[in-house]
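Residues in the sequence shown are numbered from 189 upward in steps of one, following this note's numbering. Here's the structure we're looking at; comments come further down.
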Amino acid sequence: MKNKKLVIFGAGETADIAYEYFTHDSTYEVVGFTVEDAYKTSDTLYGLPIISFSQIKDHFPPSSVEMFVAISYTKLNRVRAKCYNMVKEAGYTCATYISSKAFVWHNATIGENCMIFENNVIQHKVQIGNGVILWSGNHIGHQTKIHDFVYISSHVVVSGFCEIGKSSFLGVNATFNDKIKIGGDTIVGSGALITKSFLDSGKLLIGAPAKSGPVNSYITFGVQENEI
């Protein structure tokens, strides 16, 4: 039953996917989209209005809707974090989507504006922050902590008692042994095997076992010095 109304922040690929999942597998009714004013190139999507963010309160005030920021890992998750903060400062509550086909243990905690796709396993006392995306088929082991604005692609195995630093990106099929910690802004390459902790921020980890790559994560994702 649709008993809550939702505006999606974004009008690109991630917003398209968010519309699909919220529409067909949640209690939310999507009633519109919003984008930053400079990025508004159309008036409608799926027959629903696209409103410039500067005007969103006139059409959908915070008391009437929740919002979901549907932005990918652009600029090492910086853009999603920026837009989430804009939405919160405007007074909106941010919705979280958890697939009906995900397994989430009862004492796991999941923050705002997260998207948990199908076939994720989230175990005992896992902590997931705000703005985290878990694409399909990941395993998050017991008592692991995932900080805000992390992006986990697909078929990643994070064992128990790990800690994933803020704004990190974990590539497809990456594997973490128990009790591993990685610093913020870390990129873990596809298929990497993390057998020890890397606590410094901005690492690019590649290989099996993983080692630091030839450049840092900021260069890899095009993050400028003033954005770090």
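Built from N, CA and C at the ideal position, the CB exists for glycine as well.
Residues near residue i in its chain [Cβ-Cβ closer than 6 Å; skip 5 each side]
i: S385; result: I368 and K369
i: S400; result: K391
i: I375; result: F357, L392, S405 and T408
Bridge partner(s) assigned by DSSP for residue i
i: T297; result: Q315
i: V309; result: F291 and H327
i: M255; result: V195 and C282
Buried or exposed by the 16-neighbour rule on C-beta atoms within 10 Å, applied to residue i
i: D231; result: exposed
i: E413; result: exposed
i: D336; result: buried
i: N318; result: buried
i: E415; result: exposed
i: C323; result: Checking the sequence shown, residue 323 turns out to be Trp, not Cys. It is buried - the Cβ of W323 has at least 16 other Cβ atoms within 10 Å.
i: N191; result: exposed
i: D225; result: exposed
i: L387; result: exposed
i: T363; result: buried
Contact set for residue i: own chain, Cβ-Cβ below 7 Å, skip 5 residues either direction
i: G348; result: G329, H330, Q331, T332 and D366
i: Y207; result: I196, V218 and Y234
i: L236; result: V218, V219, G220 and F221
i: T215; result: M189, K190, N191 and K192
Whole-angstrom C-beta distance between residue j and residue i, which should lie under 8 Å
i: Y339; j: N301; result: Rounded, the Cβ-Cβ distance is 13 Å, inconsistent with contact.
i: V360; j: H343; result: 6 Å
i: P397; j: L381; result: 5 Å
Contacts around residue i, its chain only, beta-carbon distance under 8 Å, and the 5 residues preceding and following it disregarded
i: Y209; result: Y285, S287, M303 and F305
i: K295; result: The sequence given here places Asn at residue 295; Lys does not occur at that position. Counting only Cβ-Cβ distances below 8 Å, and skipping sequence neighbours, we find H312 and K313.
Query raised in the report: When the Cβ atoms of the region 302-311 are set against those of the region 283-294, are three or more pairs found closer than 8 Å?
Result: When C-beta atoms of the region 302-311 are compared with those of the region 283-294, three or more pairs fall below 8 Å, so the two segments count as touching.
Query - Three CB pairs or more closer than 8 Å across the region 401-411 and the region 262-276 - result: Yes, the region 401-411 is in contact with the region 262-276.
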